[in-house]
Amino acid sequence: MADTLITFDHVKKTYGNKQAVDDVSFTVNRGEIFVLVGASGSGKTTTLRMINELLEPTDGNIYFNGQRIKDYNVRELRLQTGYVLQQIALFPNMSVAQNVALIPSMKKQSKADTSTLVDQLLNDVDLDPQTYRDRMPDELSGGEQQRVGILRAFAGQPQIVLMDEPFSALDPISRTQLQNLVIDIHHRLNSTVVFVTHDMDEALKLGDRIGVMRLGKLLQVGTPDEIVRHPADQFVQRLFENSMAHDVYHVLLSKLAVMGYLQDINDSSTLASGEDRVTLNGDQTVSDALTPLESNETVLIQSEGGPTRLLTRDQLFKFIGDYRSH
Ligand code: ADP
Ligand code: MG
Numbered sequence: 000m001a002d003t004l005i006t007f008d009h010v011k012k013t014y015g016n017k018q019a020v021d022d023v024s025f026t027v028n029r030g031e032i033f034v035l036v037g038a039s040g041s042g043k044t045t046t047l048r049m050i051n052e053l054l055e056p057t058d059g060n061i062y063f064n065g066q067r068i069k070d071y072n073v074r075e076l077r078l079q080t081g082y083v084l085q086q087i088a089l090f091p092n093m094s095v096a097q098n099v100a101l102i103p104s105m106k107k108q109s110k111a112d113t114s115t116l117v118d119q120l121l122n123d124v125d126l127d128p129q130t131y132r133d134r135m136p137d138e139l140s141g142g143e144q145q146r147v148g149i150l151r152a153f154a155g156q157p158q159i160v161l162m163d164e165p166f167s168a169l170d171p172i173s174r175t176q177l178q179n180l181v182i183d184i185h186h187r188l189n190s191t192v193v194f195v196t197h198d199m200d201e202a203l204k205l206g207d208r209i210g211v212m213r214l215g216k217l218l219q220v221g222t223p224d225e226i227v228r229h230p231a232d233q234f235v236q237r238l239f240e241n242s243m244a245h246d247v248y249h250v251l252l253s254k255l256a257v258m259g260y261l262q263d264i265n266d267s268s269t270l271a272s273g274e275d276r277v278t279l280n281g282d283q284t285v286s287d288a289l290t291p292l293e294s295n296e297t298v299l300i301q302s303e304g305g306p307t308r309l310l311t312r313d314q315l316f317k318f319i320g321d322y323r324s325h
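With numbering that gives the first Met the number 0 as the guide, the letters of the sequence shown map in order to residues 0 to 325.
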């Protein structure tokens with residue numbers, strides 16, 4: 000059984016006669032990236048902000064670790080919650096290191112431990128600590144600032160990290176890099192993330208599970224594969240039609256690549272025994288495409304114009320185990 004961290008139980012939020020969130024129920028499992036996706040105004044931000052008590056539900060209950068959120072001490076709850084917004088919110092008068100160390104310091108972790116952690120995190124995201132730890136936010140590019148914002152959210156090892164369209168203001172290259180960073184850091188720290196976006200491709204790339212919202216209602220919750228293959232209704236179907244949803248396999252591969260499970264190989268002309276070749280043609284689902292691994296130890300994956308990559312059955316199982324079991 001999945002280990003539930005957050006439960007929404009018939010939650011409503013109304014503003015006057017406006018139903019911003021309309022009878023929403025779902026759970027977030029410990030260790031997953033749960034994505035809320037939907038058009039602007041569908042109620043995503045309102046849903047997210049009720050998790051850390053920035054907003055209070057009009058009706059229904061939210062549980063965190065089995066206890067009602069309204070019974071928590073707000074400060075205690077916020078210390079357990081990392082928060083990343085679209086508009087970069089570093090403290091302008093604090094250095095990079097001070098920004099990242101904020102929550103660990105508030106949690107009264109030792110200065111030495113915190114300093115080591117900060118350097119390690121900066122290294123992990125290719126910001127050389129020597130160069131970056133004492134810089135001020137206005138001495139960083141937008142992408143670098145958001146990278147530091149992400150580190151700050153994860154640095155206190157909160158039980159949950161909430162991210163509200165954190166990349167929508169960034170250029171596509173920075174966005175891709177930071178999406179990869181989130182997958183990587185989430186995987187490494189075993190954290191739980193609730194990620195809000197209006198971008199279907201981003202939802203499919205990041206989400207272990209996705210909740211689709213429309214006009215305050217939660218239409219469907221499922222894995223990317225389930226949502227694309229069995230959309231709950233025509234609205235969900237249309238939402239994902241124009242995204243790269245038709246190639247869920249590609250999305251899985253990008254996760255595998257980020258996490259180092261794919262090995263680029265140069266000579267793809269010959270197949271060893273026990274190997275099979277899959278050519279990506281855009282119509283496959285994850286299950287279809289991985290079927291060759293039922294009968295072969297190894298699969299060579301080739302996409303048009305891309306490198307040939309090698310995936311073994313062991314690596315796939317390790318990936319699934321690492322990624323889904325916690
Ligand atoms: P999303 O994040 O999906 O864009 P929001 O949760 O911000 O959507 O908003 C959902 C709906 O609630 C929208 O119609 C919005 O106009 C409305 N809304 C949000 N906050 C308020 C508020 N403080 N007062 C009145 N209406 C609000
Ligand atoms: Mg919003």
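From the three backbone atoms N, C-alpha and C, an ideal C-beta is built for every residue, glycine too.
- In this structure, the beta-carbon distance from PHE63 to ILE5 falls below 8 Å.
- Residue pairing by DSSP places GLY81 opposite VAL160 in a beta bridge.
- Where GLY221 is concerned, the enclosing beta strand (DSSP E) starts and stops at 216-221.
- Distances from the CA of ASP313 to each of LEU255, GLU143, ASP207 were compared; the closest alpha carbon is that of LEU255.
- With respect to the 8 Å criterion, GLN178 and GLU201 are classified as neighbours on the basis of their beta carbons.
- For VAL235, same chain residues with a beta-carbon under 7 Å away, outside a window of 5 residues either side, are VAL211, LEU218, GLN219, ILE226 in chain order.
- For ligand 1, no non-hydrogen atom lies closer than 7 Å to the CB of THR57.
- Selection around ligand 1 by beta-carbon proximity, strictly under 5 Å to any non-hydrogen atom, yields TYR14, ALA19, SER39, GLY40, SER41, GLY42, LYS43, THR44, THR45 in chain order.
- For ILE68, no beta strand (DSSP E) encloses it, and the DSSP letter there is neither H nor E.
- Counting along the chain, HIS229 sits inside no beta strand (DSSP E), nor does DSSP assign it H or E at all.
- Counting along the chain, no alpha helix (DSSP H) covers MET258, and no H or E run does either.
- Bridge partners of VAL10 according to DSSP: VAL23.
- With a cutoff of 7 Å, ASP163 counts as near ligand 2, since its C-beta is closer than that to a heavy atom of the ligand.
- Within the region 143-213, complete alpha helix (DSSP H) segments of at least 4 residues are found at 171-188, 199-205, given in chain order.
- DSSP places ARG48 in the helix class (H, G or I) of the three-state scheme.
- ALA152 places its beta carbon less than 8 Å from that of VAL83.
- Beta-bridge partners assigned by DSSP to ASN28: THR3.
- Bounds of the alpha helix (DSSP H) holding ASP112 are 110-123.
- Here GLU55 is exposed: its Cβ has fewer than 16 other Cβ atoms, across all protein chains shown, within 10 Å.
- Around the C-beta of GLN145, 16 or more other C-beta atoms lie within 10 Å, and the residue is accordingly described as buried.
- With respect to the 8 Å criterion, VAL147 and VAL181 are not classified as neighbours on the basis of their beta carbons.
- With a 10 Å radius around the Cβ and a threshold of 16 neighbouring Cβ atoms, VAL73 comes out exposed.
- For PHE63, the three-state secondary structure derived from DSSP is strand.
- Cβ-Cβ distances below 8 Å link ARG67 to ASN60, ILE61 in the same chain, with the five nearest sequence neighbours on each side left out; the list follows chain order.
- Where THR130 is concerned, the enclosing alpha helix (DSSP H) starts and stops at 128-131.
- A straight-line Cα-Cα distance of about 34 Å links VAL27 and GLU296.
- In this structure, THR44 sits near ASP163, with a CB-CB distance shorter than 8 Å.
- In the three-state reduction of the DSSP assignment, LEU76 falls in the helix class.
- Nearest to ALA88 by alpha-carbon distance, out of GLY30, VAL20, PRO291, ALA168, is ALA168.
- Per DSSP, reduced to three states, the secondary structure at PHE318 is helical.
- The straight-line gap separating the alpha-carbon atoms of THR13 and GLY40 is approximately 13 Å.
- In this structure, the CA atom of ASP127 is about 21 Å from the CA atom of HIS185.
- Residues THR307, LEU309 of the same chain have their beta carbon placed closer than 6 Å to that of ILE264, with the five preceding and five following residues left out of the count.
- Leaving aside the five residues that flank VAL124 on each side, the residues in its chain whose CB is nearer than 7 Å to its CB run, in chain order, ARG146, LEU150, LEU180.
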